[in-house]
Every structure is written in structure tokens, then in C-alpha cells.
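Accompanying notes for the structure given below.
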Amino acid sequence: MGSTAWAADPGAPPTPVHPVSQTYHGVRVTDPYRWLENSDDPKVIAWSAAQNQRTRAYLDHLSQRQVVFDRLMAAYRAQSPSYSDFHLAGGHVFAQAMLPPHQQPVVGVMNGDASPKTFRTIVDPDIIDPSGQTAIDWSVPSPDGRLLAVSLSRNGTEDGTVHVFDTKTGRETADVVPRAQYPTAGGSLAWKSDSSGFWYTRYPGDERPEADRHFYQQVWYHQLGTPVSQDVYVAGRDFPKIAEIALDNYGVSQNGHAVLISVEDGDGGRFQQYVINQKTGQVTRISDFDDRVVAAAIGPDDHIYLVSRKNAPRGEILETSIDHPAVADAKRLIAQGDGVIMGGAEFGGAPVIATRDALYVREMVGGPSRVSVFSPDGKPKGDLPLPSVISVSDVTPISHGDMLVSFNSYLTPHQVMRYRPRTGKLKATPLSSTSPISFADCEAVRATATSRDGTRVPMTVIRRKGTELDGQNPTLVYGYGGYGISETPRFLGAWMRAWLDAGGVYVDTNLRGGGEFGATWHEDGALTHKQNVFDDFAAVSRQLIADGYTSPTRLAALGGSNGGLLMGAAMTQAPELYRAVVSLVGIYDMTRIELDPNGEFNVTEFGTVRDPAQFRAMIGYSPYQAVRPGVKYPAVFMATGTHDGRVNPAQSRKMIAKLQADTASGYPIYLSISDKAGHGMGSAVNVRLGQTADYVAFLFDQLGMKL
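Just add 36 to wherever you are in the sequence shown, counting from 1, and you've got our numbering.
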């Protein structure tokens with residue numbers, strides 16, 4: 037029999053309680069809202085609609101919501117085109133471009149000097165789908181530049197099918213390859229050197245049960261002009277169920293002899309590296325999981341460069357070759373230094389860019405990054421003369437032996453500069469973004485806090501110059517702390533300008549669990565050490581109060597996905613610290629996460645309830661189980677998308693129901709569910725800006741801010 041618990045949040049719809057109990061390793065865990073996990077249940081659909089209606093009515097009543105949205109949209113329409121994801125092929129540079137007022141990025145091509153004046157669009161999702169709900173997951177040009185393979189998905193699902201386009205005409209060819217891209221494990225593709233076909237990641241079809249179809253990723257080969265039914269299996273039958281395979285563009289050798297395969301054992305897990313010999317078709321393992329080689333790249337003369345973290349948590353570079361690829365045959369080329377060599381899925385892009393004259397190595401120091409240059413035999417030649425406190429997102433070879441260097445910072449839009457090795461100088465390019473938003477009156481200040489165990493935790497405070505430390509500044513602190521993913525400088529543009537104009541301060545945190553200081557920093561915030569992440573975030577919050585930036589009545593927290601788990605822990609472990617919390621597409625019930633459709637990918641980061649020690653750690657911080665009746669919780673705004681293939685929207689539904697029932701603060705608890713979004717990837721511009729305006733307006737209302 038079910039009973040009805042009337043919500044302590046007085047405006048919230050009532051939520052029936054139907055307790056379900058389960059025992060794990062002698063610990064009985066009761067779940068009052070298990071029924072909310074069934075997304076197809078008409079009662080769940082009705083409950084969700086009632087929550088959405090309540091949230092929408094509240095937001096539509098806020099005058100600041102429209103003010104913020106109008107600011108965001110006006111700034112987007114006034115900004116310049118933004119170019120990224122560069123590839124040199126067939127003497128031309130291919131790139132993705134955001135062309136306001138487009139709802140989605142396009143992909144196109146320009147001349148070998150990467151002049152945006154020559155940019156020509158090849159694939160425009162807005163033309164394919166005028167609703168703006170079709171997105172480019174990724175794209176890879178053929179080596180001769182004649183063809184472009186593009187993964188397209190809809191409604192933020194990340195459920196991608198590869199389409200092949202003629203780069204001269206923009207017309208789609210007959211080659212269409214399904215099941216190449218799904219959430220979490222993603223997808224990728226590498227062309228054969230003669231452009232006659234490509235290797236790609238493939239997920240199961242009817243040969244496996246529905247529950248298996250986002251797992252068991254493999255590598256297959258598609259010959260152009262042939263049906264998919266004739267595609268050839270290459271590798272993966274002995275990979276883990278939760279393998280995440282990357283066939284990256286930098287994994288194709290410069291003379292076309294080989295392709296690299298990187299295999300990650302789940303999110304935040306260990307790596308294997310393989311090489312496909314194009315001449316023989318043979319697949320050879322370079323390194324196993326215990327070798328801790330997190331990335332590989334191929335350079336001239338078939339050299340293979342490996343980023344190893346075995347006995348070198350910040351990374352060292354080993355050198356081997358296509359003919360003798362095994363890590364056991366490799367020699368150390370560049371020893372571990374003070375920076376973290378950026379390799380692995382958590383960083384993206386090539387870890388090493390090798391030319392005949394130099395090696396360019398992307399390194400990180402606590403969040404900001406740099407590009408270090410070495411001779412081919414590993415001797416240091418200094419760093420590229422880049423600004424400080426930036427994040428280098430890409431280094432791409434183009435014509436004349438030059439490089440495009442792309443980077444971001446907190447206070448300036450995305451920049452793309454041209455590096456000329458012959459002169460050692462960087463030159464500005466018209467590929468850099470411009471924005472109508474200026475932060476000339478603002479500054480980004482690096483600071484630290486001391487966590488519970490004495491660890492120093494970095495943060496970046498973004499504030500207006502002359503900000504008074506009187507404890508009265510509305511302050512928003514952001515955190516993630518997981519999977520080895522680092523928080524790096526990024527331009528937040530119009531909404532950040534609005535926040536600062538309304539008197540706010542913004543804080544970006546570099547918590548354990550990230551990759552800012554290497555493998556140890558990640559491991560100290562994963563599995564049974566996950567509580568360190570939450571301690572770090574609380575320490576930063578308390579430091580901001582102690583330094584006079586803010587007070588608990590003026591402090592808010594923001595996070596998404598794994599950062600949503602952080603938000604759940606923050607509000608349940610230290611509810612007195614925060615006046616408001618915004619949590620997007622978050623994880624809250626740790627006893628159920630691995631049972632969600634894609635949840636098993638997370639076992640390598642969080643652990644499993646099947647392991648007694650890992651279960652004890654997980655239940656010790658699991659936010660859903662930590663909600664208690666009568667506690668004064670902050671005001672909460674949660675958002676999720678019905679098409680989220682990474683984190684089950686049921687996680688948000690259950691957490692909201694429990695908070696609404698148990699809070700004693702009188703502050704509202706809101707849930708927003710979008711039927712046009714997933715985990716955040718691929719959403720149309722108006723959807724993304726609308727969601728941002730929603731939570732910024734909520735924060736303005738709760739903290740008493742106004743433009």
C-alpha cells in the first residue's frame with residue numbers, strides 16, 4: 037500500500053511514497069520513490085508535467101528571466117564566427133564553425149593558410165533540420181580532402197549515424213553507417229590513407245539484447261560504395277563491456293602506414309593502446325591496462341609517442357615505432373616534469389604533435405596550460421610564448437610547417453594564433469573570436485583553500501576590479517571533480533557579464549578527482565576517496581566566506597553531471613553554507629547509478645555496490661540517502677533532459693521528490709525537465725541559452741540580485 041507524503045516545500049506537487057527496501061552487505065537501504073524511475077509510467081509522466089508546470093510558472097513570473105535571456109541572445113547574435121576542431125587534409129583546413137544566428141555549428145573548409153575569408157560550409161545542420169535539433173557530434177575529412185564523414189544526432193541524444201559528404205558539392209553520398217556514436221563511450225572514425233574507406237566505432241544491433249546496445253563497442257571497417265552489411269570486423273571482441281574506444285584523427289600516421297586505437301575501461305578508467313598496420317591489416321597491442329599508457333600519437337617516419345603515467349603520475353613520453361610498437365620496446369624520450377602532460381580522454385586532442393623538426397607537448401599546471409617544445413630527440417626548447425592563465429585546446433599543423441594554436445581564457449573569447457617555427461613567434465589570426473562583451477574592468481585571481489586533510493585546493497576568483505571584501509557579494513562557486521577531467525580557463529561571456537554587473541563574484545574550483553595535477557590528483561578523488569572532492573568544495577566555500585567575499589546567505593553553488601553529484605553532496609553535507617544550489621543533469625542515488633542504462637560506465641570512477649568497501653564509501657556520501665526530514669536545505673533548482681543518455685533523468689526526479697518532502701527551510705525546490713535536450717551536448721542555441729537564463733534568473737531571485 038502506498039501513502040501520500042505532503043511536501044514540506046509548500047508549493048510543490050504531492051508525491052506518493054511507495055517504499056522499496058534492499059539490503060547491501062548487511063545494510064538495509066529504503067527507497068521511498070523507486071516508482072519515479074519508470075519514465076514510461078503515466079503517473080511519472082503526469083508527476084513530471086506538474087513539476088515542470090510549477091517551475092515554468094515561477095520562472096515566467098521573474099522579470100529578470102527575460103532580461104537575462106535577451107542579453108544572452110543579443111550577445112550571441114553580435115559575436116563573430118567562432119572556429120574550432122581544425123583538420124588539415126588535401127591541402128585544405130577543415131573546421132567546425134559557429135556562425136550566429138545559426139542554432140548549431142556547421143562544418144566547412146578553407147584554404148591551407150586557414151583564412152576565414154575562404155571558409156565554405158559543407159554541412160549545415162540548420163538546413164538539414166530547420167528546428168535546430170540536429171547536431172554534429174564530430175566530423176573527419178578524408179586524407180585527400182574530397183570527402184567528409186560526419187556523425188549526426190537529434191535532440192541531444194548523442195545517438196549518431198555517420199553520413200559522408202562530397203566536400204566540393206556538399207551533397208551526401210550513399211554511404212550511411214548507423215550505430216557509430218552513442219552517449220558516454222561516444223564514437224570516432226579514422227580514414228584509410230587512400231581515402232577509399234574508414235575504420236569506425238560500432239555498437240551492437242539486433243544480435244544483442246536492447247540493454248547491451250550502448251556497450252560492447254568494437255572497431256569495424258567500411259569500404260566506400262559497399263553496403264554496411266559487408267563491413268569488416270577489426271577489433272573489440274575481447275575488449276571490456278564498458279570499453280570506450282577512440283580512433284582519433286591524430287592516430288593516423290603521416291605516411292598512412294598505421295592507425296592508433298585507444299581503449300578506456302569505462303569513464304575515468306585505465307587505458308590500452310593498439311595499432312592497426314594499414315599495409316597488413318594486423319592489429320597489435322602496444323600497451324595493456326597495467327602499463328598506464330593513457331595516450332599515443334604517431335609522428336614522421338612511423339615513430340609512436342606514448343604518454344605513460346606508470347611511476348610518473350604527471351606523465352612522461354616514451355618513443356617506439358610501428359614495426360616494434362610494444363611499450364616494452366619503448367625508450368624514455370621526455371621525463372616527467374612539473375606540468376601534467378595532457379593525454380587521455382579527459383583532455384581530448386593530440387597529446388603530442390610531432391613534426392620533423394620538433395615535438396609540441398600540451399601540459400597543464402593546476403588548471404591553466406602551456407605548450408612545451410622539444411627537439412625530436414627530446415631536448416627542451418622552451419615554451420610557446422602564450423599568455424598566462426589560459427587553456428590550450430588544440431595545436432594543429434597547417435601549410436608551410438606552421439601551427440594553429442587555439443586557446444581560451446576567463447576574460448577574453450576563444451583565440452586562434454599562428455605559430456611560425458622558423459621565427460619562433462605567434463601571430464594573431466582572424467580565426468579568433470570577438471565578442472561585444474568586455475571584461476576590461478574585471479580580473480581573474482588565483483587563490484587556494486585548505487581541505488580537511490590539509491590538501492591545498494586551487495580556485496580562480498573572477499570579480500570586478502575593486503570588489504569590496506565586506507561579506508556581502510553574491511557569490512557563485514562552480515565545481516566538478518571527477519573522471520580526471522580538469523577545470524580549465526574558459527570564456528563564459530554574456531551570462532558571466534550579467535552576473536558581475538549584478539554585483540556577483542564567480543569562482544571556478546580545481547578539486548581532487550580532476551586531472552589538474554596528474555593521476556594522483558584524480559585517484560585521490562575517485563572510488564573510496566570520493567569524499568575528498570566534497571571536502572575540497574566545502575573548504576573553498578568556507579575560504580570565500582573567511583576572506584570576506586560572501587556569507588552563507590549570499591553564497592550559491594553550481595555544478596552539472598558529476599558536478600551534480602557534487603551539488604547533492606554539498607547541500608546535504610553542509611546545507612548551512614549555501615543559500616541556493618543549481619544542479620544540472622546530476623547523479624544522486626549511488627545505489628542505483630550502475631543499473632541505469634549507461635550507468636555501468638561509471639563503475640571505474642565511483643565503484644560498485646557489489647564491492648563491500650566501495651559500497652560503504654558510496655552510501656556514506658550518496659545524496660539521495662542523505663536527505664533527512666526537518667533539515668533546512670537551500671533553495672534548489674535542478675534541470676534534466678528527457679533524452680539524456682548519460683545520466684538517467686530519474687536521478688533528478690527522485691532527489692527533487694525527497695528534498696521537497698523533507699526540507700524545513702521554506703525555500704523552494706524546483707525541477708525543470710526539457711524534452712528538447714539530453715545531457716547538454718547537441719542542444720540548439722535557443723535551448724541552451726533558455727536553460728542558462730532559467731537558472732541565472734533563479735539565482736538572481738534567491739540572492740536578491742538585479743540588473
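Every residue gets a Cβ at the ideal spot worked out from N, C-alpha and C, and that includes glycine.
What are the boundary residues of the alpha helix (DSSP H) that includes residue i?
i           : result
residue 558 : 555-559
residue 492 : Element bounds for residue 492: not the alpha helix (DSSP H) but the beta strand (DSSP E), 492-500.
residue 630 : Looking at the DSSP string, residue 630 is not in any alpha helix (DSSP H), and its letter there is neither H nor E.
residue 535 : 529-537
residue 692 : 686-698
residue 571 : 567-582
residue 509 : Run containing residue 509: none; DSSP gives neither H nor E here.
residue 599 : 598-609
If you reduce the DSSP assignment to three classes, tell me which class residue i lands in.
i           : result
residue 90  : helix
residue 733 : helix
residue 655 : helix
residue 722 : helix
residue 226 : strand
residue 275 : coil
residue 636 : helix
residue 739 : helix
residue 378 : coil
residue 41  : Unreliable placement is indicated for residue 41, whose pLDDT of 40 sits below 50; no coordinate value is reported for it.
residue 338 : helix
residue 673 : strand
residue 201 : strand
residue 284 : coil
residue 190 : strand
residue 552 : coil
residue 195 : coil
residue 650 : helix
residue 465 : coil
Taking the continuous beta strand (DSSP E) assigned at residue i, which residues delimit it?
i           : result
residue 368 : 367-370
residue 243 : Residue 243 -> no beta strand (DSSP E), and no H or E assigned at all.
residue 162 : First-last for residue 162: 161-164, but that is the alpha helix (DSSP H), not the beta strand (DSSP E).
residue 307 : 307-313
residue 258 : 254-259
residue 645 : No beta strand (DSSP E) holds residue 645; DSSP gives it neither H nor E.
residue 664 : Taken as a continuous stretch (DSSP letters only), residue 664 belongs to no beta strand (DSSP E), as it is neither H nor E.
residue 300 : 294-301
residue 386 : That residue, residue 386, is in no beta strand (DSSP E); it is neither H nor E in DSSP.
residue 524 : Here residue 524 belongs to no beta strand (DSSP E), and DSSP marks it neither H nor E.
residue 683 : Careful: residue 683 lies outside any beta strand (DSSP E) and carries neither H nor E.
residue 406 : 405-410
Can you tell me whether residue i is buried or exposed? The criterion is at least 16 other CB atoms within 10 Å of its CB, across all chains shown.
i           : result
residue 566 : buried
residue 489 : exposed
residue 743 : exposed
residue 420 : buried
residue 163 : exposed
residue 358 : buried
residue 269 : exposed
residue 24  : Absent from the structure is residue 24, since the part of the chain shown begins at 37 and ends at 743.
residue 308 : buried
residue 371 : exposed
residue 191 : buried
residue 716 : Model confidence at residue 716 stands at a pLDDT of 49, short of 50, so the residue's coordinates are unreliable; what they give is reported in the following sentence. Result: buried.
residue 57  : exposed
residue 505 : exposed
residue 355 : buried
residue 745 : The shown model of the chain, from 37 to 743, leaves out residue 745, and the question about it has no answer.
residue 746 : The shown model of the chain, from 37 to 743, leaves out residue 746, and the question about it has no answer.
Is there at least one Cβ from chain B nearer than 7 Å to residue i's Cβ?
i           : result
residue 703 : Any reference to chain B falls outside this structure, which holds one protein chain only.
Next on the checklist: For a minimum of 4 consecutive residues, which ranges assigned as the alpha helix (DSSP H) are wholly contained in the stretch 98-148?
Outcome noted: 99-114
Checklist entry - When the Cβ atoms of the stretch 113-120 are set against those of the stretch 165-182, are three or more pairs found closer than 8 Å? => result no
Checklist entry - Mind pulling the alpha helix (DSSP H) runs of 4 or more residues that sit fully within the stretch 414-462? => result none
Next on the checklist: Under 8 Å: do the stretch 245-254 and the stretch 213-229 share three or more Cβ pairs, one atom per stretch?
Outcome noted: yes
Checklist entry - Do the stretch 491-510 and the stretch 471-482 make contact, defined as three or more Cβ pairs closer than 8 Å? => result yes
Item to check | Stretch pair the stretch 572-584 + the stretch 652-664: three plus CB contacts closer than 8 Å | outcome: no
Checklist entry - Using 8 Å as the Cβ pair cut-off and three pairs as the minimum, do the stretch 449-467 and the stretch 537-554 touch? => result no
Checklist entry - So, do the stretch 529-537 and the stretch 466-475 have three or more beta carbon pairs nearer to each other than 8 Å? => result yes
Next on the checklist: Can you confirm whether the stretch 691-702 touches the stretch 632-648 when touching is taken to mean that 3 or more C-beta pairs between the two stretches lie within less than 8 Å?
Outcome noted: no
Checklist entry - Should the stretch 513-522 be regarded as contacting the stretch 255-272, the criterion being three or more beta carbon pairs within less than 8 Å? => result no
Next on the checklist: Assess contact between the stretch 221-234 and the stretch 613-625, defined as three or more Cβ pairs (one per stretch) separated by less than 8 Å. Is contact present?
Outcome noted: no
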